[in-house]
Amino acid sequence: MPTADIQATVDAIAAQQTSNEFGTARYALLFRPGTYGTPAQPLIIPVGYYTQVAGLGASPTDVTINGKVNVYNQCLAPDNCIALTNFWRSLSNLTIAVAGQSGCQSGTDFWAVSQAAPMRRVNITGGNLSLMDYCSAGPQYASGGFIADSAFSGGTVINGSQQQFLVRDSVLDGWTNGVWNQVFAGTVGAPPQSFPTPPYTTLPTDPVSREAPFLYVDDAGHYRVFVPDVRRQAVGTTWQNGPAAGHSLPLTDFYVATPAADAKDLNVALARGKNILFTPGIYHIDRTLQVKRPDTILLGLGMATLVAEQGVDILHVANVPGVEITGLIFDAGAQNSRVLLRVGDAHRGPHGHGHPGSDPSDPTLLADVFFRIGGPHVGKATVSLQVDADDVILDDIWAWRADHGSGVGWTSNTADTGVVVNGDRVTATGLFVEHYQKYDVIWNGEYGSTIMFQNEMPYDPPSQEAWRSGPVLGYAAYKVADHVRHHEAWGLGSYCYFNVDPTIHASRAFEVPVTADVTLHDILDLSITNHGTIDHVVNDYGPPTDANTTPNYVVSYPPLS
Numbered sequence: 006m007p008t009a010d011i012q013a014t015v016d017a018i019a020a021q022q023t024s025n026e027f028g029t030a031r032y033a034l035l036f037r038p039g040t041y042g043t044p045a046q047p048l049i050i051p052v053g054y055y056t057q058v059a060g061l062g063a064s065p066t067d068v069t070i071n072g073k074v075n076v077y078n079q080c081l082a083p084d085n086c087i088a089l090t091n092f093w094r095s096l097s098n099l100t101i102a103v104a105g106q107s108g109c110q111s112g113t114d115f116w117a118v119s120q121a122a123p124m125r126r127v128n129i130t131g132g133n134l135s136l137m138d139y140c141s142a143g144p145q146y147a148s149g150g151f152i153a154d155s156a157f158s159g160g161t162v163i164n165g166s167q168q169q170f171l172v173r174d175s176v177l178d179g180w181t182n183g184v185w186n187q188v189f190a191g192t193v194g195a196p197p198q199s200f201p202t203p204p205y206t207t208l209p210t211d212p213v214s215r216e217a218p219f220l221y222v223d224d225a226g227h228y229r230v231f232v233p234d235v236r237r238q239a240v241g242t243t244w245q246n247g248p249a250a251g252h253s254l255p256l257t258d259f260y261v262a263t264p265a266a267d268a269k270d271l272n273v274a275l276a277r278g279k280n281i282l283f284t285p286g287i288y289h290i291d292r293t294l295q296v297k298r299p300d301t302i303l304l305g306l307g308m309a310t311l312v313a314e315q316g317v318d319i320l321h322v323a324n325v326p327g328v329e330i331t332g333l334i335f336d337a338g339a340q341n342s343r344v345l346l347r348v349g350d351a352h353r354g355p356h357g358h359g360h361p362g363s364d365p366s367d368p369t370l371l372a373d374v375f376f377r378i379g380g381p382h383v384g385k386a387t388v389s390l391q392v393d394a395d396d397v398i399l400d401d402i403w404a405w406r407a408d409h410g411s412g413v414g415w416t417s418n419t420a421d422t423g424v425v426v427n428g429d430r431v432t433a434t435g436l437f438v439e440h441y442q443k444y445d446v447i448w449n450g451e452y453g454s455t456i457m458f459q460n461e462m463p464y465d466p467p468s469q470e471a472w473r474s475g476p477v478l479g480y481a482a483y484k485v486a487d488h489v490r491h492h493e494a495w496g497l498g499s500y501c502y503f504n505v506d507p508t509i510h511a512s513r514a515f516e517v518p519v520t521a522d523v524t525l526h527d528i529l530d531l532s533i534t535n536h537g538t539i540d541h542v543v544n545d546y547g548p549p550t551d552a553n554t555t556p557n558y559v560v561s562y563p564p565l566s
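Per the working numbering: the sequence shown = residues 6 to 566.
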């Protein structure tokens, strides 16, 4: 297809999707191996809501875009241009040779996004990547974000106004600045550890990671899905020093679903041993999907969305290892669901810990999995994600009780908790959980770890009396249960913005047992524009938030003596 025709196609999709925050259209723009655009005639791809841009090569170097793949601010008014709601889109598995545009936009690819907008397996050469759009009117705020398994050469990554960001298993050629909470793990060229001045949390390796499965086209022109291996203490990308480790599956191993498929069809395919590839669209789920076989893959394209109908739990995964779920939005329905996605069951071993179906060498993976309570419609779910299995990786999770859109209100889009972890050896890399009505995260399992956590407390408690737990004011954003004896986390931030009643207090942002092997590193809280107060950072440690949107930083808890 000529570049001009591709340009016309992507422009038409972007015109529809740039402001279509709660619309029903879903798109996957998939590029077969080859080169698209030229330095003289660059291909400029604007990316709106519910749009996936991905290469179909076995390596990111198999697909080259001479041009850019851009996300810009949305201007809600002439003096209010922001990226704070640039959600639900993705970029993966290709090379961008930066070219095209002029003036302020010259020499830079713009990825001005917030949550649920991952960049994976991307190779950017010959220019900068900016995580903010500094060419529009102000204030240009952004609240991302997630980059994994990517490389940047011949330019700098411009953090700019990004409040927080996680970069893992990548290679940088420069990074400009931090704002509140910039976190790096296993990333070559990352800024050195310096929290809080500037607020860089830098781990030399990524303790455990597994890249998301992806669709590609082999040398014979056949569609396949590549399944990367788990890595431990990883540094850098999976693909720069030769083919990534893993295995390949033919598309015949998958049931290729369209939105016309119902839950019965999907369950029949799963029972027959098929993996599922969800093509772009909205799937109405009126009975719980059941994954019972190890190493099952559920792969969504184009932000495929599963909507709970009649109060069902959307998906249950049995106590089996190696299940991989990626690229899906789980949407609560109008009738309350107990839990939208449950991984594992409640059975425990003879001493209270351990599941017979777990395997540390073959962990289950949830990657780019997003949960939504309200926004497009009224939604209700007591818990969004419950992890009962051991040996699970949560990689780029956003659980969001909507603060705007349709069906939004304290008694409308009701949801107690975003993420509950009951399993042992669960690792979260990029955990974003916002606005739930009780604890946002409850961690009951042992040997859990989190690398980068972002939270906003609920905006809309109508009063202090409505948002308290006995004598405790409000709820902590991240609670490690009192019985837990082993837990570690790095780069944690929680913010309050109580815009219905700004007199509300939360007693603390983080609540953990005081014991030697429960440790938090590089923690902060703040009150946005003096809308409410968080009294302490961790437990009863740390000062109250101030009126100036200034973070309170704690380098370690328990504090070093």
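Backbone N, C-alpha and C fix where the C-beta goes; we use that ideal spot for every residue, glycine too. Model, not experiment: these values are computed from the prediction.
Given that a residue counts as buried once 16 or more other Cβ atoms are within 10 Å of its Cβ, and exposed if not, what is Ala19? buried
Inter-stretch contact (C-beta, 8 Å, three-pair minimum) for the segment 391 to 404 and the segment 360 to 375: The segment 391 to 404, when compared against the segment 360 to 375, does touch it at the 8 Å Cβ threshold.
Quick one: using the 10 Å Cβ neighbour count with 16 as the cut-off for buried, is Thr243 buried or exposed? buried
Buried versus exposed call for Ala156 [16 or more other C-beta atoms within 10 Å across all chains shown]: buried
Is Gln238 helix, strand or coil when you go by DSSP? For Gln238, the secondary structure class from DSSP, reduced to helix, strand or coil, is strand.
In its own chain, which residues sit with a C-beta less than 6 Å from the C-beta of Asp10, not counting the 5 before and 5 after it? none
Quick one: residues in its chain with C-beta nearer than 6 Å to the C-beta of Pro365, no 5 flanking neighbours on either side, listed in chain order? Asp396
Touch test, the segment 333 to 353 against the segment 376 to 385, Cβ-Cβ under 8 Å, three pairs minimum: yes
Could you compute how far the alpha carbon of Ala482 sits from the alpha carbon of Val388? 14 Å
Run the CB neighbour count on His352, radius 10 Å, all protein chains shown included, and call it buried at 16 or more, exposed below. With a pLDDT of only 49 at His352, under 50, the local geometry of the prediction cannot be trusted, and no value is derived from it.
Can you tell me whether DSSP reads Pro65 as helix, strand or coil? helix
What does the alpha-carbon distance come out to for the pair Glu26 and Gly412? 14 Å
Boundaries of the beta strand (DSSP E) in which Thr43 is found, first to last residue: That residue, Thr43, is in no beta strand (DSSP E); it is neither H nor E in DSSP.
Extract the residue ranges of the alpha helix (DSSP H) inside the segment 246 to 333, only unbroken runs of 4 or more that lie entirely within it. 268 to 276
Would the beta-carbon of Val348 fall within 7 Å of that of Val322? yes
If we ignore side chains and look at the alpha-carbon of each, how far apart do Tyr54 and Pro476 end up? 42 Å
Just to confirm, are Asp138 and Tyr77 a CB contact at a threshold of 7 Å? yes
Residue interval of the beta strand (DSSP E) (run including Ala17): Looking at the DSSP string, Ala17 is not in any beta strand (DSSP E); the run it does join, the alpha helix (DSSP H), is 8 to 22.
Answer yes if the segment 195 to 208 comes into contact with the segment 308 to 323, meaning at least three C-beta pairs across the two stretches below 8 Å, and no otherwise. Contact between the segment 308 to 323 and the segment 195 to 208 is absent, because fewer than three Cβ pairs lie under 8 Å.
Using only alpha-carbon positions, find the residue among Thr520, Thr534, Cys109, Tyr500 that is nearest to His541. Tyr500
Residue(s) in a DSSP beta bridge with Ala82: Asn85
Which of the three DSSP states is assigned to Asn535 in this structure? helix
By alpha-carbon positions, which one of Asn535, Pro65, Tyr558, Ile539 ends up nearest to Asp527? Tyr558
Can you find the residues in the same chain that come closer than 8 Å, C-beta to C-beta, to Cys86, ignoring five residues on each side of it along the sequence? Asn78, Gln79, Cys80, Asp138, Ser141, Ala142, Gly143, Pro144, Gln145
For Gly108, which of helix, strand or coil comes out of DSSP? helix
Let me know if Arg94 comes out buried or exposed under the rule of 16 or more other beta-carbons within 10 Å of its beta-carbon. buried
Quick check on the burial criterion: 16 or more other C-beta atoms within 10 angstroms. Buried or exposed for Thr310? buried
DSSP on Lys484, reduced to helix/strand/coil? strand
Val383 in three-state terms, based on DSSP: coil
Does the distance from the C-beta atom of Gly207 to that of Ala195 stay below 7 Å? First, the residue type needs correcting, since residue 207 is Thr and not Gly in the sequence shown. Going by C-beta atoms, Thr207 is nearer than 7 Å to Ala195.
Residue of His382, Glu439, Val383, Thr416 minimising C-alpha distance to Leu390: By alpha-carbon distance to Leu390, the top candidate from His382, Glu439, Val383, Thr416 is Glu439.
Cα-Cα separation, Pro255 to Tyr228: C-alpha separation (whole angstroms): 7 Å.
Which stretch, first to last residue, makes up the beta strand (DSSP E) that contains Asp114? That run of the beta strand (DSSP E) goes 113 to 115.
Sorted by chain position, which residues of the same chain lie with C-beta nearer than 8 Å to Ala471's C-beta, five sequence neighbours on each side aside? If we look at Ala471 and ignore the five residues flanking it on each side, its Cβ neighbours are Trp415.
Contact set for Pro38: own chain, Cβ-Cβ below 7 Å, skip 5 residues either direction: Leu61, Gly62, Asp67, Val68, Val222
Residue range of the beta strand (DSSP E) that Tyr500 falls in? Under the DSSP assignment, Tyr500 falls in the beta strand (DSSP E) whose first and last residues are 492 to 501.
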